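Anchor point for the sequence shown: position 27 equals 67 in our numbering, and the numbering is continuous, going up by one each time.
For glycine and all other residues, C-beta sits at the position ideal for the given N, C-alpha and C.
From a predicted model like this one, the values you see are computed outputs, not experimental measurements.
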Amino acid sequence: MKAIILAAGRGTRIARNVEQVPKSTLPIDGVPLIRRSVKLLQEQGLECVVCTGFKEDKIKEALSGLDNITYCYNPFYDITNSIASIWFARSELDDDILVMNADVYFSKEILEQLIEDERNPVMAIDYSRTTEGDYFFYTSMDGRIEKYGKGLPIEQRSCEYVGMAKIGKSFLPKFVGRLNELIGSQRHNFWWENILYSFTDKKEENIYTVDVDGRFWAEIDYFDDYARIIDYVSRQG
């Protein structure tokens, strides 16, 4: 299995509170977040592919000394979104893949839970978070995504999206085909997840979810998210 780690973005929402560095390089207990993530992924036997763009040198510096990392550069990171980054990594989409946003803090247990889920594709979610957050789903009783969006009305929210997903090799031809369709129609402003969401619009394919079951995670969109991670880690001793 490969891990595709999307680390090309500028992170404009948190930029006013931190130095001009990629937010995935912010230190967690003295270790850059992306380095912590790559080490967790490699410990599970995943081959890591890192999609870079903004301040690529800082990403590589944060990962210096780690072996077996492939880098794919998105030269248009400033005018595109993460769908373009995964398009530049399309030659690496040849095996079971775990795709994640580089600014996500997750535990070994969450990673294992996602890897072990046999459904395809499957996205990590948190049923305990519906009032505050960044991106929400409405799911069926068996965990299929039926509605999605940042502005999903609160009464329609089942859960918040964690920022990680697994796509099995058997689904990849459909995934890559839809990726090429969207890029071909100039949808380079889409998030990479829109590839999966597009299959739910007309109920073409089932996109499943797996609940992180109360385990701590955070995606760094704002400085408060980063502070929440630091507080959690400090309380773990």
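Using only the alpha-carbon positions, how far apart do residue i and residue j sit?
| i | j | result |
| --- | --- | --- |
| Pro-161 | Lys-209 | 10 angstroms |
| Glu-245 | Ile-44 | 22 angstroms |
| Val-144 | Arg-169 | 16 angstroms |
| Ile-165 | Asp-97 | 32 angstroms |
| Gly-263 | Lys-187 | For the record, residue 263 in the displayed sequence is Phe; it is not Gly. Rounded to the nearest angstrom, the two C-alpha atoms are 28 angstroms apart. |
| Ser-198 | Phe-94 | 33 angstroms |
| Pro-193 | Glu-200 | 13 angstroms |
| Phe-230 | Ile-123 | 6 angstroms |
| Arg-60 | Ile-270 | Reading off the sequence, residue 60 comes out as Gln, not Arg. Each residue's alpha carbon lies about 19 angstroms from the other. |
| Ser-64 | Asp-241 | 31 angstroms |
| Leu-66 | Glu-149 | 22 angstroms |
| Lys-243 | Phe-176 | 18 angstroms |
| Tyr-117 | Thr-110 | 18 angstroms |
| Thr-179 | Ser-125 | 28 angstroms |
| Ser-225 | Tyr-113 | 21 angstroms |
| Ile-185 | Ala-205 | 13 angstroms |
Could you check which residue in the options has the C-alpha nearest to that of residue i?
| i | options | result |
| --- | --- | --- |
| Arg-50 | Gly-217, Lys-148 and Pro-115 | Pro-115 |
| Arg-130 | Leu-236, Phe-215, Met-181 and Lys-148 | Phe-215 |
| Asn-234 | Val-250, Tyr-266, Lys-190 and Gly-70 | Lys-190 |
| Gly-277 | Ile-68, Asp-166, Gln-60 and Ser-64 | Ile-68 |
| Ala-102 | Ile-247, Leu-192, Gly-70 and Asp-118 | Gly-70 |
| Pro-62 | Asp-241, Lys-100, Ile-207 and Thr-240 | Lys-100 |
| Ile-207 | Gln-84, Asp-261 and Asp-157 | Asp-157 |
| Val-139 | Trp-232, Ser-64, Phe-176 and Ser-274 | Trp-232 |
Going along the chain, which residues of its own chain have a beta-carbon closer than 6 angstroms to the beta-carbon of residue i, five neighbours each way excluded?
| i | result |
| --- | --- |
| Thr-120 | His-228 |
| Asn-141 | Leu-46 and Gly-203 |
| Ser-147 | Arg-255 |
| Asp-265 | Ala-258 |
| Tyr-272 | Phe-256 |
| Arg-159 | Tyr-248 |
| Gly-183 | Tyr-248 and Thr-249 |
If we call anything under 9 angstroms between Cβ atoms a contact, is residue i one with residue j?
| i | j | result |
| --- | --- | --- |
| Asp-174 | Glu-259 | yes |
| Met-181 | Val-250 | no |
| Ala-48 | Cys-88 | no |
| Leu-212 | Leu-133 | yes |
| Ser-238 | Arg-218 | yes |
| Met-41 | Leu-86 | yes |
Could you pull out every residue in the same chain whose Cβ sits closer than 8 angstroms to the Cβ of residue i, ignoring the five residues on either side in sequence?
| i | result |
| --- | --- |
| Glu-221 | none |
| Gln-82 | Cys-88, Leu-106 and Asn-108 |
| Arg-275 | none |
Leaving aside the five residues before and after residue i along the sequence, list all residues of the same chain whose C-beta is less than 7 angstroms from its C-beta, in chain order.
| i | result |
| --- | --- |
| Trp-127 | Leu-219 and Ile-223 |
| Thr-171 | Ile-194 |
| Ala-167 | The question names Ala, yet the displayed sequence has Tyr at residue 167. So the list reads Ser-198, Cys-199 and Asp-251, once near-sequence residues are dropped. |
| Gln-196 | Tyr-178 and Lys-187 |
- Between the segment 243-262 and the segment 141-156, do three or more beta carbon pairs fall short of 8 angstroms? yes
- Task: Evaluate the contact criterion for the segment 68-81 versus the segment 99-110: three or more CB pairs, one atom per stretch, below 8 angstroms.
- Result: yes
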